[in-house]
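> Sharing a structure, written as structure tokens. Questions coming.
Below, the structure is given as structure tokens:
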């Protein structure tokens, strides 16, 4: 029977499938971090259970860690306790951990791919909703809660009901200045924050094929913002070239064996998706959010919509609330919006290509005098690579801050937060109320728009410079 | 996990859609390493407004939350479920839940009930007219009932059975661990391992 890519990966991981109960799926890689794991380890201790496969488990410190003075003890005692708890747990259960200061430390979804641990056809989970990032390699990857973290630690499996599948076809060629971030923001605006509920998304089409691995990760990363637990892209030559010679990629004959399997990982031409939508890449322009959920986005050239533009009463009231919270008026051009802080980073857009693209725009120019720009590499490796290329100097000379790796202002769990009423242009993934700090207001943007905005002080694209 | 068979209590009407888990509990409250004490973070940003429904005396005994569509979107933090439970909620009713939140709730013993939006609206009106209105949520019959109303809801048989028995998912899987071992023997050898450290 013809199958979609998601169905193939699912079926290849079935430990058990019986009617009247969920499927039991084997998990190839379990990523953990300090925030969603402590209660899971406590559960294991309480039940006197071991970690079944420490050799398929990797921990990093990312959500809660500072991005300044990382050589000193963490100032906030509650944060310090949480990080210390992860260190103790990893030691007790024999799990590899990349701590603050370690060259492999960084945001868990940046670290996995750069080590070559993320490979096509795998099942990957993590107690973090942006685990969907790894889907860019043709892996089935999704976020889980702490109860499920404990379940995977104890059994290396998860009981799950089979989701439906949705094809998202993006055909055509992106215009200059338009990025994969704009593609995914446009998709979420089209299908809504609940549009992907119950589905695994598969991104296909010529515009997706043309993207680099890092750009593909940006798209898959935000699948959850459309309500889908997972999103994936069939592996191809771009995927294989990215993986070759990474530390954990298969070597020698194993590489050939892996390649033979990976090459089969695509949806059959006659496979049926439960739903299919199409987007024209040629028509896309830089996209930004105006509201308080990632589905409230429009082209940067547009004006803020009026609640009356919507028909669904839920959307009308959501828009009314969003405009009040964001302190914006319907009809205002997006480009007139004045920004206070620009955040370049996160598991969505904190990789080396993102930093290069922004640095190219900033190079030799100055960040607007009333703008704070924070550049936070997604991992210590990304930071080192950027420094080897001199990108840190370009950012610093322009007046931006150059930080150490972590989730930082994407979720404002560490000291990197917006002040109440402060407005950001952020390359991260969520513009929820207070996401980047209580009372903070977030506009989601691409790295190119972030850089141009930093220079002009108002939401801008590189074409405006 | 505690058994869930039936719950009767009063309800809190939360007339908002797209309540994401950052609203249910903001990130700064996620630093605890225990499963308890998260009630102070529940809807923390909204609670500073005295008019927020959670602050109203007439709803102070509510144990059922009736929320707008797409409840629990965003972050996978199970802390959102714990915050609701720690505060005293046993049931959340909405017309749509985000996938991860719903999975987390049913694993942790917080019953999430999906009703049609018109049933949710009717429930809101009934609660607002009479805040002490008694609502019964019964897993045995899969019915939400109040006054002379009885609305049925769907929940798959397996999850219902697991919640009614208060069964630990891990214990259930460990009973089938030989099947996991069989699977592991057949796994491709080229699949990556995190140990030893190679980088």
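Protein chains in written order, with our numbering: chain A, 16 to 480; chain B, 13 to 211. The beta-carbon is built from N, C-alpha and C at its ideal position, and this holds for glycine as well.
Where do the N-terminal and C-terminal ends of the alpha helix (DSSP H) with residue 438 of chain A fall, by residue?
It is not in any alpha helix (DSSP H) - residue 438 of chain A instead sits in the beta strand (DSSP E) that spans 438-441.
> Around the Cβ of residue 326 of chain A, are there at least 16 other Cβ atoms within 10 angstroms (buried) or fewer (exposed)?
Exposed, because fewer than 16 other Cβ atoms sit within 10 Å of the Cβ of residue 326 of chain A.
> Looking only at its chain, what residues have a beta carbon closer than 6 Å to the beta carbon of residue 416 of chain A, apart from the 5 residues adjacent to it on each side?
Only 389 meet the Cβ criterion.
> Distance cutoff 8 Å, beta carbons only. Does residue 110 of chain B sit that close to anything in chain A?
yes
> By Cβ distance below 6 Å, which residues in the same chain neighbour residue 425 of chain A in space, the five residues on each side in sequence not counted?
361 and 443
> Compare the C-beta of residue 39 of chain B against all C-beta atoms of chain A and say whether one is closer than 8 Å.
yes
> Compute the Euclidean distance between the alpha carbons of residue 41 of chain A and residue 156 of chain A, then round it to the nearest angstrom.
12 Å
> Enumerate in chain order the residues of its own chain whose CB-to-CB distance from residue 70 of chain B is below 7 Å, with the five nearest sequence positions on each side excluded.
Closer than 7 Å at the Cβ level, and outside the excluded window around residue 70 of chain B, lie 143.
> Return yes when at least one heavy atom of the ligand FAD lies under 7 Å from the C-beta of residue 287 of chain A, else no.
Among the components modelled here there is no ligand, and therefore nothing to report on the ligand FAD.
> Leaving out five residues on either side along the sequence, give the residues of the same chain with a beta carbon under 7 Å from the beta carbon of residue 88 of chain B.
So the qualifying residues of the chain are 112.
> Since residue 97 of chain A meets chain B, which of its residues come closer than 9 Å, beta carbon to beta carbon?
Chain-ordered, the chain B residues with CB closer than 9 Å to the CB of residue 97 of chain A read 42, 43, 44 and 45.
> State whether the region 143-158 of chain B contacts the region 182-196 of chain A, with contact taken as three or more CB pairs (one from each stretch) at a distance under 8 Å.
no
> State the start and end residues of the unbroken alpha helix (DSSP H) segment that holds residue 140 of chain B.
129-141
> Could you give the C-beta distance for residue 363 of chain A and residue 233 of chain A, rounded to a whole number, given that I count them as a contact under 8 Å?
6 Å
> Could you list which residues in chain A have their beta carbon closer than 7 Å to that of residue 154 of chain B, in chain order?
Here the premise fails: no neighbours, minimum Cβ distance about 16 Å.
> Using a Cβ cut-off of 7 Å, pull out every chain A residue sitting near residue 86 of chain B, in sequence order please.
Simply 144, 445 and 447.
> So for residue 407 of chain A, helix, strand or coil by DSSP?
Residue 407 of chain A: helix per DSSP, three-state reduction.
> Output yes if chain B places a C-beta closer than 8 Å to the C-beta of residue 276 of chain A; else output no.
yes
> Would you mind telling me which residues of chain A sit closer than 7 Å to residue 116 of chain B, beta carbon to beta carbon, in chain order?
Going along chain A in sequence order, the residues near residue 116 of chain B (Cβ under 7 Å) are 160 and 162.
> Do the region 385-399 of chain A and the region 41-51 of chain A touch if we need at least three Cβ pairs shorter than 8 Å?
no
> Between the region 313-325 of chain A and the region 165-180 of chain A, do three or more beta carbon pairs fall short of 8 Å?
Too few Cβ pairs lie closer than 8 Å, so no.
> Could you pull out every residue in the same chain whose Cβ sits closer than 8 Å to the Cβ of residue 66 of chain A, ignoring the five residues on either side in sequence?
59, 72, 108, 109, 110, 168 and 169
> Counting contacts by CB-CB distance shorter than 8 Å, is residue 37 of chain A in contact with chain B?
Output row for residue 37 of chain A: interface = yes.
> Count the other CB atoms within 10 Å of the CB of residue 79 of chain B; is the residue buried (16 or more) or exposed (fewer)?
buried
> Is the region 33-46 of chain B touching the region 18-25 of chain B in the sense that three or more CB pairs, one from each, lie closer than 8 Å?
No: the two stretches stay apart, fewer than three of their Cβ pairs being nearer than 8 Å.
> With 8 Å set as the bound, which would you pick, yes or no: does the beta-carbon of residue 79 of chain A sit closer than that to a beta-carbon of chain B?
Output row for residue 79 of chain A: interface = yes.
> Can you check whether the CB of residue 17 of chain A is closer than 8 Å to the CB of residue 285 of chain A?
Taking 8 Å as the Cβ cut-off, residue 285 of chain A and residue 17 of chain A qualify as a contacting pair.
> Do you know offhand how far residue 465 of chain A's Cα is from residue 81 of chain A's?
22 Å
> Of the residues B/166, B/57 and B/146, which one's Cα is nearest the Cα of residue 158 of chain B?
When C-alpha distances from residue 158 of chain B are compared across B/166, B/57 and B/146, the shortest belongs to B/146.
> Based on Cα-Cα distance, which residue from A/371, A/411, A/149 and A/125 lies nearest to residue 382 of chain A?
A/411
> Residues of chain B with CB closer than 9 Å to the CB of residue 263 of chain A, please, in chain order.
204, 205, 206, 210 and 211
> When the cut-off is 8 Å and only beta carbons count, does residue 453 of chain A lie next to chain E?
Within the model displayed, chain E is absent; protein chains A and B are what it includes.
> Who are the neighbours of residue 43 of chain A on chain B, taking C-beta pairs under 7 Å?
203
> Considering just the uninterrupted stretch of the alpha helix (DSSP H) at residue 196 of chain A, what are its terminal residues?
That run of the alpha helix (DSSP H) goes 195-206.
> Along the chain, which unbroken stretches of the beta strand (DSSP E) at least 3 residues long are found entirely within the region 358-440 of chain A?
387-391
> Considering only residues of the region 32-109 of chain B, which uninterrupted alpha helix (DSSP H) runs meet the minimum length of 4 residues and lie entirely inside it, listed in chain order?
33-36, 56-59 and 91-99
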